[in-house]
Amino acid sequence: MLVHYKCPSCGADMEYDSRSGRLACDSCGHAEHIDTYDDVNISQSFEADEAKEYHCENCGAVVLTDADTTATSCSFCGAGVVLADRLSGDLAPAKVIPFTISKEEAMQAFKKWCKNGRLTPKGFMTADRVKNITGMYVPFWMYDLDNDVDVKATGTKVRTYRRGDYRYTETKYYRVYRDIDVSYLKVPVDASEKMNDELMDKLEPYDYNKLESFKTPYLAGYLAEKYNYTDEELFDRVKAKIRGFLDTYIASTIRGYSSVSYQQKNIRTKQANSYYVLLPVWMVYYDFDQQEHTFAMNGQTGKIVGKPPLSYSKAAIWFSSIAGGSFVLMKAIAIMLGGDIL
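Residues in the sequence shown are numbered consecutively from 19, following the working numbering.
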């Protein structure tokens, strides 16, 4: 099913506006609040199967999609369309964080970010080779996790003291036990096969207080994907994701020792809840030095992640300056202590 959100004023297609949080018409400037938008203005067309071809109701052109696309735009007339049949039943998201950064704002922020690259090539810093910038709702599973942790460890306390002409070192050993309950809420894991997991993880954090109940008008004018993996299939990944936080928390409960060695650390993680959400991402594709570089921007906070190209000449100059400064500092310290360094 293809869905168009028609302007009740002029009949043109409307898109979700990240600045106002409303459906907006580019033709006449009319805006509609999503909660009060009248369903009578929704234009729908149905297909018998989940085909990869849809016909745009606006201009009649064929809209080509893959099986994972849930929102797109017509390549001919530019109308934003939502494939609502791919957002129903088990495929219906529970929550969505709407875009708060417009395409123009995203472009300006990316250009500024490029210019701040101290070790990037000069040609890259001009940020004038953006091939494409695409607003996309990426599917995530969000987990609430309960963790039962049993820890057995040995802690040592070392004391050094002097008696007469002798220096003594005293080491005391302590058995350490911990029984800990730790809960983590709203831990996100991207569920799209196409997206780079490392890139998506680095986009965090989002402000999850801004999660809204899912409504299809939020997707109008943006691309969107449906999940490729279920919450059960991604459970091992979310457990691995929180392991570092658990280890840090466990260590914070065992303090005051000179050293700690663990004999046992049993962590039992249970899924208290999980829900399917869509999070906003601006994908930026940048051509430089005959290569395409991919960057991602958090569509809510503006955080940009990715690996820009490295200027080896700039890196060499930077390293030389750091090394030179360290040498001068070490030489000064050596002179103060009555020595020298070559």
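The beta-carbon is built from N, C-alpha and C at its ideal position, and this holds for glycine as well.
As the structure is a computational prediction, the values presented were derived from the model and not from experiment.
C-alpha distance - residue i paired with residue j, whole-angstrom precision
i	j	result
E211	E243	10 Å
I7	Y240	With the chain covering 19 to 360 only, the question about residue 7 has no answer from this structure.
S1	S270	Given that the chain is displayed from residue 19 to residue 360, the structure contains no residue 1 and the question cannot be resolved.
A69	I60	Because the pLDDT at A69 is just 38, under 50, the model does not fix this residue reliably, and the value given afterwards should be weighed accordingly. Roughly 21 Å separates the two Cα atoms.
A110	K129	35 Å
E251	F232	23 Å
E230	D162	17 Å
F156	A124	The identity of residue 156 in the sequence shown is Val, whereas the question assumes Phe. Roughly 17 Å between the two C-alpha positions.
Y267	E122	41 Å
A42	A209	30 Å
Y245	Q289	19 Å
E188	S276	12 Å
F117	W131	20 Å
R192	D265	Looking at the sequence provided, one finds Tyr at residue 192 rather than Arg. Their backbone Cα atoms lie some 20 Å apart in a straight line.
V194	F313	46 Å
F253	D199	19 Å
E222	E33	26 Å
S27	M154	28 Å
Y226	K190	47 Å
Beta-carbon spacing of residue i, residue j below 8 Å
i	j	result
Y236	L297	no
A238	Y55	no
A112	V295	yes
G324	L217	yes
V205	Y304	no
Y184	T178	no
I7	K228	One cannot answer for residue 7 here, as it falls past the ends of the chain, which runs 19 to 360.
I272	R196	yes
K18	V207	In the structure displayed, the chain extends from 19 to 360; residue 18 sits before or after that span and is not available.
M315	T152	no
W159	D215	no
Buried versus exposed call for residue i [16 or more other C-beta atoms within 10 Å across all chains shown]
i	result
L203	exposed
Q318	buried
G274	exposed
D31	buried
N150	exposed
S36	buried
S292	buried
T234	buried
N165	buried
T287	buried
N134	exposed
E310	exposed
Residues that DSSP places opposite residue i in a beta bridge
i	result
L296	V114 and P157
D199	D166
Q282	K170
Y34	L41
I322	M315
S277	T174
Closer than 8 Å to chain D by CB, residue i
i	result
N227	Among the chains of the structure shown, chain D does not appear; only one protein chain is present.
message: If contact is defined by three or more beta carbon pairs under 8 Å, each pair taking one atom from either stretch, is the segment 163–171 in contact with the segment 280–296?
response: By the Cβ rule, the segment 280–296 counts as touching the segment 163–171, because three or more pairs are nearer than 8 Å.
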